[in-house]
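Student:
Below you can see the structure in the form of structure tokens.
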């Protein structure tokens, strides 16, 4: 799908979509609980739908009615676990399958199976479990009963979350030790908060050791909070217009809530911003920096292992605006100054790249090819832009 965005100023109020980082975790906890539960605020993004499909295949009945999921723990329907392009879904469900002692086949699309899985591969090899990649599929098998292990904390917090979510299935108290540095620690805090909501207590025993108490998940009625990572694009529109964003918890443990402070620092002048704990903010910060006063982003190495190589993808598209961008191993330099692109932009099959470029096009006008990538996390994004007074045209 190609999208055409007119040069226009965003004005109005928009509600942030529900946070898929919470929805993934809540769906898994509810599906593994001791009784049925209800989750309100389920947003129909591709990533969340992938987790619902995997819950259904592995361990639960999930019925959707509007934005509400009714979850009934069960034996699951069987078959492959189709993760689509969701890295969270894949990394969360692998240890869950192992803790259940099930040999299962995972299927992915896009770049999913190219994304790092070394933490789990090493675990499986050391314990004699099955871990077999073949094109778009991965087969895992074995019974994981002891999680007293050390995990590389510098790759992705998703591995830590997966092991934490699976720990109660062992029926034992578990400890997970992390090698330092630990990246994206706020996402681990989201996991801890959701697990506690569903009846399982966790605690940091020191800066690199998490204890998961013995216990089981309980079925509850709960709601998904608003998503600060997707709200970042709405706040960025507010840098150049008048946009109010509702539906967010100002005290949320979501690390991406720093987007407000980061964007304000760009408004004030050239800025140096560390995105080690909030890599999802990278694309929108690059876009805003190009339009405003420039910036140097550090802690950017993990942008390579997303739906696209986000640093290089954004650099390529920003150059079409006439911006100067240099990508280093772990930092990115953006010099300010943009003009209307002479050619259509390309979305790189990456939802955050598409949304970041859309913010810039409100200043210049222009087109994006492959704009359907927003369905991965924010399918209503362009509709919200229109509600804010942005002219949007579509070509399929």
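In this note's numbering, the protein residues as written are 619 to 1014. Yeah, the Cβ is synthetic: ideal placement off N, Cα and C, and Gly gets one too. Note that the structure is a prediction, hence the values are computed from the model and not measured.
Please say whether residue 748 and residue 737 have beta carbons closer to each other than 8 Å?
Tutor: Contact flag unset, no.
Student: Hey, out of 1014, 1006, 1012, 845, whose CA is closest to residue 631's CA?
Tutor: For the residues 1014, 1006, 1012, 845, the minimum Cα distance to residue 631 belongs to 1006.
Student: Between which two residues does the alpha helix (DSSP H) holding residue 740 run?
Tutor: Residues 736 to 745.
Student: Do the segment 979 to 992 and the segment 952 to 968 make contact, defined as three or more Cβ pairs closer than 8 Å?
Tutor: Verdict: yes, contact present.
Student: Identify which residue in 762, 768, 801 has its Cα closest to the Cα of residue 788.
Tutor: Of 762, 768, 801, the residue nearest in Cα terms is 762.
Student: Can you tell me whether DSSP reads residue 763 as helix, strand or coil?
Tutor: In this structure, residue 763 counts as coil in the three-state DSSP scheme.
Student: Hey, quick one: how far does the beta strand (DSSP E) through residue 691 stretch, first residue to last?
Tutor: Looking at the DSSP string, the run of the beta strand (DSSP E) that includes residue 691 is 686 to 691.
Student: Please confirm whether residue 940 and residue 955 have their CB atoms less than 8 Å apart.
Tutor: Taking 8 Å as the Cβ cut-off, residue 940 and residue 955 qualify as a contacting pair.
Student: For residue 728, which of 811, 751, 716, 702 has the nearest alpha-carbon?
Tutor: Among 811, 751, 716, 702, the Cα nearest to that of residue 728 is on 702.
Student: Work out the CA separation of residue 724 and residue 740 for me, nearest whole Å.
Tutor: Whole-angstrom Cα-Cα distance: 18 Å.
Student: Taking residue 772 as the reference, give the member of 801, 744, 620, 745 with the closest Cα.
Tutor: Looking at the Cα atoms, 801 is the closest of the given residues.
Student: Have a look at the DSSP bridge pairing and note the partners of residue 682.
Tutor: Per DSSP, 687.
Student: Figure out for me which residue from 876, 1003, 951 has the closest Cα to the Cα of residue 975.
Tutor: Per the Cα distances, 1003.
Student: Buried or exposed for residue 709, going by 16 or more other Cβ atoms inside 10 Å?
Tutor: Result: buried.
Student: Is the CB-CB distance between residue 769 and residue 794 below 8 Å?
Tutor: Yes; because the gap between Cβ atoms is below 8 Å, this pair is in contact.
Student: Taking the straight line between their C-alpha atoms, what separation do you get for residue 626 and residue 958?
Tutor: Roughly 13 Å separates the two Cα atoms.
Student: Under 6 Å Cβ to Cβ from residue 785, same chain only, skipping five residues before and after it: list those, please.
Tutor: These residues qualify, in order along the chain: 765, 792, 830.
Student: Since I believe residue 665 is in contact with residue 994 (beta carbons under 8 Å), could you give me their beta-carbon distance rounded to a whole number of angstroms?
Tutor: Contact flag correct, Cβ pair sits at about 6 Å.
Student: Would residue 836 pass as a contact of residue 651 if the rule is Cβ separation under 8 Å?
Tutor: Yes, these two residues count as a Cβ contact at 8 Å.
Student: Closer than 8 Å by C-beta to residue 899: which residues in its own chain qualify, once you throw out the five before and the five after it? Chain order, please.
Tutor: Same-chain partners within the cutoff: 847, 850, 874, 876, 877, 880, 893.
Student: Starting from residue 984, trace the beta strand (DSSP E) both ways and give me its first and last residue.
Tutor: Where residue 984 is concerned, the enclosing beta strand (DSSP E) stretches over 984 to 987.
Student: In the DSSP assignment, the alpha helix (DSSP H) including residue 935 goes from what residue to what residue?
Tutor: Segment 928 to 938, the alpha helix (DSSP H) holding residue 935.
Student: If you scan the segment 755 to 805 from start to end, which runs of the alpha helix (DSSP H) of 4 or more residues do you find wholly inside it?
Tutor: Correct list: 775 to 784.
Student: Whose C-beta lies closer than 8 Å to the C-beta of residue 905 among residues of the same chain, with five residues either side of it excluded?
Tutor: 854, 932, 936, 974, 975, 977, 978.
Student: Extract the residue ranges of the beta strand (DSSP E) inside the segment 903 to 930, only unbroken runs of 3 or more that lie entirely within it.
Tutor: Qualifying beta strand (DSSP E) stretches, in chain order: 913 to 916.
Student: Specify, as a first and last residue, the run of the beta strand (DSSP E) that residue 707 falls within.
Tutor: Unbroken run through residue 707 is the alpha helix (DSSP H), 705 to 717; no beta strand (DSSP E).
Student: On the three-state DSSP scale, how would you describe residue 726?
Tutor: DSSP places residue 726 in strand when its eight states are reduced to three.
Student: Residues bridged to residue 699 by DSSP?
Tutor: In the DSSP output, where bridge partners are listed per residue, residue 699 has 724.
Student: At the level of alpha carbons, what is the spacing between residue 638 and residue 661?
Tutor: Taking the straight line joining both Cα atoms gives about 8 Å.
Student: Is any non-hydrogen atom of the ligand COA found closer than 7 Å to the C-beta of residue 684, if you look at the structure I gave you?
Tutor: This structure lacks the ligand COA, and indeed carries no ligand of any kind.
Student: Could you tell me whether the Cβ atoms of residue 647 and residue 813 are closer together than 8 Å?
Tutor: Result yes, Cβ atoms of residue 647 and residue 813 sit closer than 8 Å.
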